[in-house]
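Q: Got a structure for you, written out below as C-alpha cells; questions coming shortly.
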Amino acid sequence: MRLQRRTAPLLGLVCVIISVTLMAQSIGALPSGLIDLMLRGWPALLVLGGLAVLLRDRFPLSGLIALVVSVALTAGIAYYAFDARAQQQRSDNRQPIEQVLPANITLLRLRVQALDTEVELLRSLDAVPLVTGEFVGSSDNTFDVSYELLPDDSVTLTIAEVRTSGFPFLETVGRGALQLELPPGVPMDVEFVSEQGNIILNLSGTALERLNVNARGGDVIVTLPSYQPLFTGDVNTLGTIEAQNGDLTIRVPEDVAGRFELNRGGSGVVPQFNPDVYNYLQGDVLEARLIDIADIAVRYTLTAPRGLIRLDVPESPSG
1400 MRLQRRTAPL LGLVCVIISV TLMAQSIGAL PSGLIDLMLR GWPALLVLGG
1450 LAVLLRDRFP LSGLIALVVS VALTAGIAYY AFDARAQQQR SDNRQPIEQV
1500 LPANITLLRL RVQALDTEVE LLRSLDAVPL VTGEFVGSSD NTFDVSYELL
1550 PDDSVTLTIA EVRTSGFPFL ETVGRGALQL ELPPGVPMDV EFVSEQGNII
1600 LNLSGTALER LNVNARGGDV IVTLPSYQPL FTGDVNTLGT IEAQNGDLTI
1650 RVPEDVAGRF ELNRGGSGVV PQFNPDVYNY LQGDVLEARL IDIADIAVRY
1700 TLTAPRGLIR LDVPESPSG
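What follows is the structure in C-alpha cells.
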C-alpha cells in the first residue's frame, strides 16, 4: 500500500514570511517602528499554530482559515492599541517657534499644516512684528519652519508638521498641541490645513485679510476680528472655512456684518444663529440684517458636511 505524504504548506509559508522579514530588517528596509510592532505581535504565531491544529481535517482550507483569522486578530489588536494611544496627549518633544518679521512688512502669508495636533492661533500682546509659539507633542513629530521674503516686502511663513519616522513606535503615538501668537498690526493671509485635532483660531485683534481653513477631522472654532480687509473688497469672498468631520463655530464681533454662504453637504443639520441679527436667505446663506450700512463687512464660505454650523455674535463688554 502506498502511503500519501502529508505536507505542511502553512508552515512553509510562515517560514518564508519570517525569512523575508529578517532579510529586509538586515538591509534596513523596514522602519524601526514596524519591526517593534512585529516583535510585539509574535504571539500571533501561537494563535496561528493552535488554530491550524484545531481546524485540521475538520474544514477545507483549514490552514488558510487559520492564517486569515490570525492576521485579522493581530490587526484588530494593533489598531485598538494605536487608536487608544492616539487619544493621549504627548509631551516628549517641546519645540519653540520664533520668526522675526521685517519692520516694513506689507503682508504676512501664514501657512500652517498640522497632522494629529490640537492647534490654537491667537493675537500676541506685543506689537513687535514677530511670530512665536511652541509645539508640545510626540518625539516622532516636529514642525519645519520656512521663511520667504518677497520683493514687495511681503512674507510667506510656512509652519508644517512632519513625522521624523515613517512608522512610529507605539510608545510615541499620541496627540500634540501647537500654539502660535500672531502680531496684531500686520496684515495677514492665513491658510490652515489639519489632518486631525480640534482647531481654535482666535484672530480677534489681528489684521486678517483672508482666511482659508481645511480641517479634515475635529471641531473648528474661529473668532473673527473687528477689521475691514484692505486688499479684498466686501463683494468678494475672503476664504473658505471647512470642518469635514466636525462642528464649525464662527464668532463674529457685534460691529462686523457678515455674509456666510453655507455648504452643509446634505447633512440636514440646521445651522444655529441669532435671527435678530442674521437673516437666513434662499440658497443656504446667512446674512447680517445691517450689512448694507455696516462699516465692516466680510464674506466667507462655511463648510461642515457632517457637523453643525454655529454663528455666534458675542456681546461687547460695554453691551
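Per the numbering used here, residue 1400 is the first one in the sequence shown, and the count goes up by one each step. By construction, the Cβ of each residue, glycine as well, lies at the ideal position given by its N, Cα and C atoms. Just so it is clear, the structure is predicted and the values come from calculations on it, not from any experiment.
How long is the line joining the alpha carbons of Val1747 and Asn1678, rounded to whole angstroms?
A: Limits of the chain in this structure are 1400 at one end and 1718 at the other, which puts residue 1747 out of reach.
Q: Would you kindly check if the distance between the Cβ of Glu1594 and the Cβ of Val1530 is under 9 angstroms?
A: No, the Cβ-Cβ distance between Val1530 and Glu1594 is not below 9 angstroms.
Q: Specify whether the stretch 1697-1715 and the stretch 1641-1655 touch according to this definition: at least 3 beta carbon pairs, one from each stretch, less than 8 angstroms apart.
A: Result yes; three or more Cβ-Cβ pairs closer than 8 angstroms.
Q: Quick check on DSSP: helix, strand or coil for Leu1689?
A: If DSSP states are grouped into helix, strand and coil, Leu1689 belongs with coil.
Q: Tell whether a beta-carbon distance below 9 angstroms holds between Phe1591 and Val1612.
A: Contact: yes.
Q: Please list, in chain order, all residues of the same chain as Asp1633 whose beta carbon is under 8 angstroms from its beta carbon, the five residues on each side excluded.
A: Summary for Asp1633: the model assigns pLDDT 46, below 50, so the residue's position carries little reliability, and this model does not support an answer.
Q: Have a look at the DSSP bridge pairing and note the partners of Arg1522.
A: Paired residue(s): Leu1581.
Q: Whole angstroms are fine: how far does the CA of Asp1683 sit from the CA of Gly1664?
A: About 11 angstroms.
Q: Look at the Cβ atom of Leu1707, then the Cβ atom of Leu1623, and state whether they are nearer than 9 angstroms.
A: Taking 9 angstroms as the Cβ cut-off, Leu1707 and Leu1623 do not qualify as a contacting pair.
Q: Can you give the Cα-Cα distance for Leu1607 and Met1587, rounded to whole angstroms?
A: About 5 angstroms.
Q: Check for me: the beta strand (DSSP E) holding Arg1615 runs from which residue to which?
A: That residue, Arg1615, is in no beta strand (DSSP E); it is neither H nor E in DSSP.
Q: Do you know how far the Cα of Asp1539 is from the Cα of Glu1660?
A: Cα to Cα, the separation comes out at about 39 angstroms.
Q: Can you tell me the Cα-Cα spacing of Asp1618 and Gly1596, whole angstroms?
A: The straight-line gap from Cα to Cα measures roughly 7 angstroms.
Q: Kindly give me the distance between the Cβ atoms of Val1621 and Ile1504, rounded to whole angstroms, as I take these residues to be in contact under 8 angstroms.
A: Not a contact, Cβ separation roughly 23 angstroms.
Q: Please go through the same chain and pick out, in chain order, the residues whose beta-carbon is closer than 6 angstroms to the beta-carbon of Leu1600, but skip the five residues on each side of it.
A: The answer, listed in chain order, is Leu1520 and Val1621.
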